[in-house]
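Heads up, the sequence shown is in my numbering, so the first residue is 413 and it goes up one at a time.
Here's the structure we're looking at; comments come further down.
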Amino acid sequence: MAYDAVGIHESVRGQGHWPETDQTPTLTLFLENLEDRSLRRVKQLGVTGVSMSGLGTGGIETWTDAALKRNIDRAAEAGLELRNIMFELSDRIRFGEPGRDEDIETVISAIQVAGRQGLPVMEYNFYAHRIVEGYKVVPGRGGSGLMDFNDDRIKDLPPLAGQTAHSLDEMWDNVTYYLEAIIPAAEEANVRLALHPNDPPAPISRGSGQIMSTVEGWKKLVDIVPSPYNGITFDCGVTRELGHDPVEICRYFGERDQINHVHFRNVVSRVPNLDYTEVWIDEGHVDMFAVMSELVRQKYPRLIYPEHPPQNDSDTEFPFDGISATTYTGFAYTVGYARAMMQAALATQAANR
């Protein structure tokens, strides 16, 4: 049996009493860079799975075996595993414009790179426009800053200059064309794709329809090409923003093996889709333990990202630019809370066997 210098057995070091395995979730943080200080801070929190946005060398057209391997190896040197990269789709793909076939081939090439290098998940969005104009910061406990969304702030906004509105039917046609081309390549490469729901989930974003602004839309999306490789990022906070029970929705997609990434956060929802506040992970309308227990029951084996911590004085006074911009202290809190939920869920599962 292997113990470290202070007598902590390798099976539990950094993970509490129940280690993360290939049959349990893995906590993750989103890295802005792979500098030593960023890697150290992630490792110090006991997090072993990491996500990134791109390879730090440009868009998806710059993906090469060498570039991805360099990122994977850099994380591995710190005892971390790069398990998800978010990538951007071109306007030509999202809006069905001339040239989209060439851009789809570029995405397929990146998926093949990911498959050869062993990256298990690639995450993306399919917005016509992300209506972040509807957010504002409101005071939370102790004067912390919470993100609040209300559709009244944005419902009459026109398309941005130089852009046009796209109907819901157009967006469904475009994502169908994309998925039918891309999913066979993902299956062959053994790389799961995770489409993040619209967030904010307002039904209209500067005149354009949003395909992932309803749970019905999520279900329609995964049925276009039924496959574990055509999955979603299950976000329990967005689920509650839409007025649904996160445990029920988690079970629906988990039974189909189409949860390929998880975002773990809490909200207070007042009017589905239209009026809500993102709050601290230990307050709000989402039963976080019930969600974690369902993921543990499913033996969900991929990443859980405890995201969107509120603004707090520590991060405002001492910003850190390596982990999702400037919210390291907030993430330390959300990681600790998520780990406690997972340890409790694993312990409960073991006791009930």
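Every residue, glycine too, gets a C-beta built ideally from N, C-alpha and C.
With respect to Leu572, His541 sits close: the two C-beta atoms are nearer than 8 Å. A Cβ-Cβ distance of about 6 Å is found for the pair Met700 and Met753, placing them in contact under the 8 Å criterion.
In this structure Thr739 is in contact with Asp727, their Cβ atoms being roughly 5 Å apart against a cut-off of 8 Å. Taken atom to atom, the span from the alpha-carbon of Pro437 to that of Arg714 is near 5 Å. Using a Cβ distance threshold of 8 Å, Tyr688 and Val698 do not count as a contacting pair.
The C-alpha of Asp585 lies about 36 Å from the C-alpha of Ser705. By the criterion of a C-beta distance shorter than 6 Å, Ala522 is surrounded in its chain by Ile472 and Trp475, once the five residues flanking it on both sides are discounted. For Ile671, the closest C-alpha among the options Ile616, Ala606 and Pro684 is that of Ala606.
By alpha-carbon distance to Glu489, the top candidate from Leu446, Val674, Ala762 and Pro731 is Leu446. About 7 Å separates the Cβ atoms of Tyr536 and Met498, confirming a contact at the 8 Å cut-off.
In this structure, Leu494 and Ala487 form a Cβ contact; the two beta carbons are roughly 4 Å apart against a cut-off of 8 Å. Of the candidates Val544, Val459 and Gly458, Val544 places its Cα closest to the Cα of Arg618. Per DSSP, Lys711 is not a residue of any alpha helix (DSSP H), being assigned neither H nor E. Using a Cβ-Cβ distance cut-off of 8 Å, the region 588-603 and the region 633-652 are in contact, since at least three pairs of beta carbons, one from each stretch, lie closer than that value. Every unbroken stretch of the beta strand (DSSP E) spanning 3 or more residues and falling wholly within the region 557-585 is given here in chain order: 557-562.
Out of Tyr589, Ala759, Gly655 and Glu600, the CA that lies nearest to the CA of Leu633 is found in Tyr589. If you check the CB distance, Val603 and Pro532 come in under 8 Å.
With a cutoff of 8 Å on beta-carbon distance, Phe676 and Pro721 are scored as not near each other. Between Leu492 and Arg751 a beta carbon distance of about 16 Å is seen, past the 8 Å cut, so the two are scored as non-contacting. Within the same chain, Leu443 and Ile497 come within 6 Å of Met464 by CB-CB distance, once the 5 residues on both sides are set aside.
Each residue's CA atom was taken as its position, placing Gly666 and Tyr712 some 8 Å apart. In the same chain as Pro613, and ignoring 5 residues on each side of it, the C-beta atoms closer than 8 Å to its own belong to Gln622, Met624, Ser625, Thr626, Val650, Glu653, Leu654 and Asn685, in chain order. In this structure, Gly458 is the residue among Asp694, Leu707, Leu441 and Gly458 with its C-alpha nearest to the C-alpha of Pro431. For the 8 Å CB-CB criterion, Leu441 and Val454 form a contact. Assignment of Arg482 by DSSP, reduced to helix, strand and coil, places it in the helix class.
The beta-bridge partner set that DSSP reports for Glu493 consists of Gly461. Judged by DSSP in its simplified three-state form, Asp657 adopts coil rather than helix or strand. In summary, Val674 is buried, with 16 or more beta-carbon neighbours lying within 10 Å of its beta-carbon over all protein chains present.
DSSP places Ile505 inside the alpha helix (DSSP H), whose first and last residues are Asp503 to Arg506. DSSP places Glu432 outside any beta strand (DSSP E), giving it a letter other than H or E.
Val708 is not a Cβ neighbour of Gly552, given a cutoff of 8 Å. The bridge partners DSSP lists for His673 are Thr645. Every alpha helix (DSSP H) stretch that sits fully inside the region 714-764 and reaches 4 residues is listed by chain position as 725-729 and 740-763.
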